[in-house]
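Here's the structure we're looking at; comments come further down.
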Amino acid sequence: MLTKDQASVIFDKIKKHSSADEVEALFYGGHSALTRFANNTIHQNVAEEHYGVSVRTVFNGRTARASTNKLDEESLRRVVQASESLARVQHPDPDLLPMPNSGEGARGAQAIPKRHFEQTAAITPDQRALGVEKMVGIAKTHKLTAAGIFATSETIEGIFNSRGASGWHTQTSSDISVTMLASDSSGWQKANSPNVENLDLVTLAETAARKALESASPREIPAGKYTVILEPAAVLDIVGFMFYDFGGMAILDQRSFLNNRVGTRIFGENINIGDDVAHPLQSGAPFDGEGVRRQGVQLVEKGVVKRLVHARATAEKLKKSEHKDKVGPIEPTGHGFPLPNEMGEAPTNIVFGAPDHPKTVDQMIASTERGVLVTRLWYIREVDPYEKILTGMTRDGTFYLENGKIRHGVRNFRFNESLLHMLSSVEEMGKPVRASGEESFDMVVPPMKVREFNFTEVTKF
Amino acid sequence: MKQIADWALNVATLRGATYADARLVDDRSRALATKNGKVGNASDSESLGIGVRVIANGAWGFAASDNLSRQAIEETAARAVAVAKASAQVKQQDVRLAPEKPVTAEWTTPHEIDPFTISVEQNLDLLFKIDQELTSVPGVTLAETNLNFRREEQWFVSSEGSNIHQTKYSTGTGYAAYAFAGNDIQKRSYPASYGGQWQNKGYELIDELNLLENARRIGEEAVALHKAEQCPEGVFTIILDSSQLGLQIHESIGHPIELDRVLGMEANFAGTSFLTLDKLRKLSYGSELVTVVADARQEHGPGLGTFAFDEEGVPAQCTPIITNGLFTGYLSSRETAHTIGANRSGGTLRAESWNRLPIIRMTNISILPGKTPLSLEQLIAGTDHAIFMQTNRSWSIDDKRYNFQFGTEIGWEVKSGKRTRMLKNCSYSGITTDFWNSMDAICSRDEWTLWGTPNCGKGQPQQVMGTGHGAAPARFSNIKVGSAYKGK
């Protein structure tokens, strides 16, 4: 692994090659491996190691970036030159701030839980194969076919700038995802943790298998508005589409569904959402793309959007804008993307607040007279950016519920649902858990029971 | 580079690989963007590394590294073999590769102007001029433009004796105008949405697109949409512009014909396919007017799926996918060809870069234009009542590729052969085969464009790939319109 000390030496060389007013280097990379299986066979199995550096230079309000994965002296000289050449030809940007110094970068630093685990970093291809073998064994026991992944990684993320700000983060990650397939049904589960020992692959595989078996011979029920119980992965993937609107830049650009809505109740009173990199179930580096420490931000309180996140330059610009009195407190929160960028910032360590009276999914089912249980949502896209209408499909375990029980599997639905409506219609929630899907970044979200979820079509399986 | 590849292949063979290939890729890209009169992005990127793919004990292994020292290369090759041997612990049968004659070849994307030779000042000047045109329209609240260039040089060397050196250039550009007012955000893009038009070409693409000439109209349309009526809900005849039809092809033909999906190899992520093997040469995929090819050859045009050899050394080919409506072919690889009775791969194995395992990907999946001369205006003139939809706004399809829903940025009602009122929030939906069987007209070659989709995601770890889609405006009858806003 590239160490902070080695990166520091590289940064010194970068500074030596640069004639810019300011220079910043982002370091990234590590080693990762992914064992992929399908048809009860490991069919793809990959391992990779790489490191790179991305150099940003500034000349009098002009900035640009160049990146390379070649860390020799000559390549470093060239990447600095490439960054400077791109920067020099631009017009000065009056909104560009000086890079943060060490004090500003470190302000509000909070301790984060350990996110690097040797047992994850050291896992071998044989160990991953053994895990896959167990999941395939469960598939065979149930006369099913298994597909999925078992992935592990050890990565670094670092930043240094010429004004003294720096940050360094090492992390491990492990992912298991499994789909169990029967002739006309399927079931799916996925989990992610920095510590591979937290992943219970047997439970994941057994749960996916149970879903495949219980949804066999799916029946078609008509599209319409149903009470739905969304498991955490389904909640994660659909709500993930709104968080890029929770940045100050989205307000300035007038592309956010929160324009003119901050401070008003847009969700139900039972909805509380924060962004908290230090949460024990969260992951990631405690600093942003400029090296500023991430602050905890309460975004939504009792259904009211209270605060947004802001990169440094966004905060300065927003304070002088027509929006300044309509977006809550405006301070840099440590959520900026590496500069230059068009998006500004976003909260990516989302944690939903726990309800006063959490219910398990089984309890939600038991209290449902007529509804649909959704394991997973798929191919979600935005239909209407201001009403936040999203479309997508159910997938891999969709069930009809009646009189408090799962009755049978159903053919998958297409939904067209507004997040404004959905998060105003949450009747019950469970305990928030770390969830992992395919359409959004991982979050800490609860399962939800939602009334009048809008299914508009039924597909053929 | 051949020497470096040989270090890898020698170690792989010594460690027990029965097949090995090494791909060295030197990737360079530039991204420039503006937003409301300022530079939004200015970045260069380069990446050099090697990916080693092996078969050992009858199973696949792959390892990649950006350290090109001899010791690191040999360790990477050894790791690939160790990974393959781990794979072999969970297998049903040995991997079989369709035979392929080894070749030694050189190929470069035909291009007139190396895009990296054009100064950044010139590029930004163009983007700022477009930006100025867009933002000069009262009511435009956000203007975004982009220019992207890529040069990907690859050396492929295999234990069977292939030694192929390819250099691919691609260029992409586009812009969008947003208008926010009241409770509505509307958007118009040019030449297409989500990044614009992309082709395997040099800078000459930029000059061909008339970017500046169209900017004011795009800005005005974004604002005008606020006064347009909501697209009605119901069953209608629709006419799709060629860029929307290109995406329709991508989602409802390109993905379901991927043989790895059909065989269940993507079941956990991208999904499977309704096109089970029993449907080959039996399924009526579309009407008789529907003829679709997967064509990676240079003569098909400068699509993002154009190359000389795929990432396992198989020459570019043209595969008939739908022939006068009949389903006739899949996208295949050396590993999967035998499952459809083919004795040779269709040449569609592609990788995002050196650090990704090649998997089956679309090449240029194109519908052939109508043989009878027919312009878009003539198509509209010959239509009694329809909704003409233009430029994609949203897209979604189920994991077997049956049920789809697309939204477009703008639409017009066609009445008695004339384009009449503008419509906003247009959407249509359906079942793939029903949809293609309802196609009753397609414009001819003059209206046909080879569109580029630069952002197709597939695989685990996910890989982003560029694909090409030739399409001309076409008409479909009895299509469900407006479901996206149903019940709102």
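Those sequence lines, one after another, are chains A and B.
Note that the working numbering has the first sequence beginning at -5, numbered continuously upward.
Note that the working numbering has the second sequence beginning at 3, numbered continuously upward.
Every residue, glycine too, gets a C-beta built ideally from N, C-alpha and C.
Just so we're clear, the structure is a prediction, and the values are computed from it rather than from any experiment.
Would the beta-carbon of residue i fall within 9 Å of that of residue j?
{"i": "residue 92 of chain A", "j": "residue 49 of chain A", "result": "no"}
{"i": "residue 444 of chain B", "j": "residue 369 of chain B", "result": "yes"}
{"i": "residue 265 of chain A", "j": "residue 417 of chain A", "result": "yes"}
{"i": "residue 117 of chain B", "j": "residue 163 of chain B", "result": "no"}
{"i": "residue 338 of chain B", "j": "residue 362 of chain B", "result": "yes"}
{"i": "residue 403 of chain B", "j": "residue 485 of chain B", "result": "no"}
{"i": "residue 357 of chain A", "j": "residue 263 of chain A", "result": "no"}
{"i": "residue 35 of chain B", "j": "residue 84 of chain A", "result": "no"}
{"i": "residue 395 of chain A", "j": "residue 228 of chain A", "result": "no"}
{"i": "residue 346 of chain B", "j": "residue 465 of chain B", "result": "no"}
{"i": "residue 52 of chain B", "j": "residue 22 of chain B", "result": "no"}
{"i": "residue 109 of chain A", "j": "residue 29 of chain A", "result": "no"}
{"i": "residue 154 of chain B", "j": "residue 46 of chain B", "result": "no"}
{"i": "residue 436 of chain B", "j": "residue 406 of chain A", "result": "no"}
{"i": "residue 252 of chain A", "j": "residue 235 of chain A", "result": "no"}
From residue i to residue j, what does the alpha carbon distance come to, in whole angstroms?
{"i": "residue 351 of chain B", "j": "residue 313 of chain B", "result": "5 Å"}
{"i": "residue 533 of chain A", "j": "residue 55 of chain A", "result": "No statement about residue 533 of chain A is possible, as the shown extent of chain A runs from -5 to 455 and does not include it."}
{"i": "residue 196 of chain B", "j": "residue 190 of chain B", "result": "11 Å"}
{"i": "residue 104 of chain A", "j": "residue 2 of chain A", "result": "23 Å"}
{"i": "residue 415 of chain B", "j": "residue 247 of chain B", "result": "18 Å"}
{"i": "residue 155 of chain A", "j": "residue 18 of chain A", "result": "4 Å"}
{"i": "residue 39 of chain B", "j": "residue 252 of chain B", "result": "34 Å"}
{"i": "residue 305 of chain B", "j": "residue 67 of chain B", "result": "29 Å"}
{"i": "residue 348 of chain B", "j": "residue 297 of chain B", "result": "10 Å"}
{"i": "residue 91 of chain B", "j": "residue 272 of chain A", "result": "40 Å"}
{"i": "residue 159 of chain B", "j": "residue 61 of chain A", "result": "27 Å"}
{"i": "residue 289 of chain B", "j": "residue 260 of chain B", "result": "21 Å"}
{"i": "residue 316 of chain B", "j": "residue 309 of chain B", "result": "10 Å"}
{"i": "residue 355 of chain A", "j": "residue 316 of chain A", "result": "45 Å"}
{"i": "residue 170 of chain A", "j": "residue 183 of chain A", "result": "8 Å"}
According to DSSP, residue i sits in a beta bridge with which residue or residues?
{"i": "residue 390 of chain B", "result": "B:241 and B:414"}
{"i": "residue 112 of chain A", "result": "Answer by DSSP bridge pairing: none, since residue 112 of chain A is not bridged."}
{"i": "residue 425 of chain A", "result": "In the DSSP output, where bridge partners are listed per residue, residue 425 of chain A has none listed."}
{"i": "residue 438 of chain A", "result": "A:345 and A:428"}
{"i": "residue 107 of chain B", "result": "B:166"}
{"i": "residue 458 of chain B", "result": "B:467"}
{"i": "residue 33 of chain A", "result": "Answer by DSSP bridge pairing: none, since residue 33 of chain A is not bridged."}
{"i": "residue 374 of chain B", "result": "Answer by DSSP bridge pairing: none, since residue 374 of chain B is not bridged."}
{"i": "residue 269 of chain A", "result": "A:291 and A:344"}
{"i": "residue 276 of chain B", "result": "Answer is none; residue 276 of chain B lacks a bridge partner."}
{"i": "residue 356 of chain B", "result": "Per DSSP, none; premise fails for residue 356 of chain B."}
{"i": "residue 296 of chain B", "result": "B:321 and B:367"}
Exposed or buried, residue i, counting other C-beta atoms within 10 Å across all chains shown (16 or more means buried)?
{"i": "residue 456 of chain A", "result": "The structure shown has nothing for residue 456 of chain A, since chain A only spans -5 to 455."}
{"i": "residue 175 of chain B", "result": "buried"}
{"i": "residue 433 of chain A", "result": "buried"}
{"i": "residue 116 of chain A", "result": "exposed"}
{"i": "residue 211 of chain A", "result": "exposed"}
{"i": "residue 386 of chain B", "result": "exposed"}
{"i": "residue 152 of chain B", "result": "buried"}
{"i": "residue 491 of chain B", "result": "With chain B covering only 3 through 490, there is no way to say anything about residue 491 of chain B."}
{"i": "residue 237 of chain B", "result": "exposed"}
{"i": "residue 326 of chain B", "result": "exposed"}
{"i": "residue -1 of chain A", "result": "exposed"}
Indicate, with yes or no, if the ligand ZN has a heavy atom lying under 8 Å from the CB of residue i.
{"i": "residue 276 of chain A", "result": "This structure does not include the ligand ZN; it has no bound ligands of any sort."}
Could you name the residues of the segment 36 to 58 of chain B whose beta carbon sits closer than 7 Å to any beta carbon of chain A, in the order they occur along the chain? 37, 40, 41, 42, 43, 44, 45, 46, 47, 48, 49, 50 and 51
Got a sec: which bits of the segment 429 to 445 of chain B sit with their beta carbon under 8 Å from any beta carbon on chain A, in order along the chain? 429, 431 and 433
When Cβ atoms are compared, which residues of the segment 12 to 41 of chain A fall closer than 7 Å to chain B? 28, 30, 31, 32, 33, 34, 35, 36, 37, 38, 39, 40 and 41
Where the segment 83 to 94 of chain B meets chain A: residues whose CB sits under 9 Å from a CB there: 84, 85, 86, 87, 88, 89, 90, 91, 92, 93 and 94
Proximal residues, the segment 152 to 184 of chain A versus chain B, C-beta separation under 8 Å: 171, 172, 173, 175, 180 and 182
Under 9 Å (Cβ pairs) to chain A, residues found in the segment 99 to 124 of chain B: 121, 122 and 123
Which residues of the segment 57 to 68 of chain A have a Cβ closer than 7 Å to any Cβ of chain B? Give them in chain order. 58, 59, 60, 61, 62, 63 and 64
Mind listing which residues of the segment 285 to 305 of chain A have their C-beta closer than 8 Å to chain B's C-betas, in chain order? none
The segment 373 to 401 of chain B: positions lying closer than 7 Å to chain A by Cβ: 396, 397, 398, 399, 400 and 401
With 7 Å as the C-beta to C-beta threshold (strictly closer), list the residues of the segment 174 to 191 of chain B near chain A in chain order. 180, 182, 185, 186 and 187
Listed from N- to C-terminal order along the chain, which residues in the segment 361 to 381 of chain A have their beta-carbon within a distance smaller than 9 Å of any beta-carbon of chain B? 372, 373, 374, 375, 376, 377, 378, 379, 380 and 381
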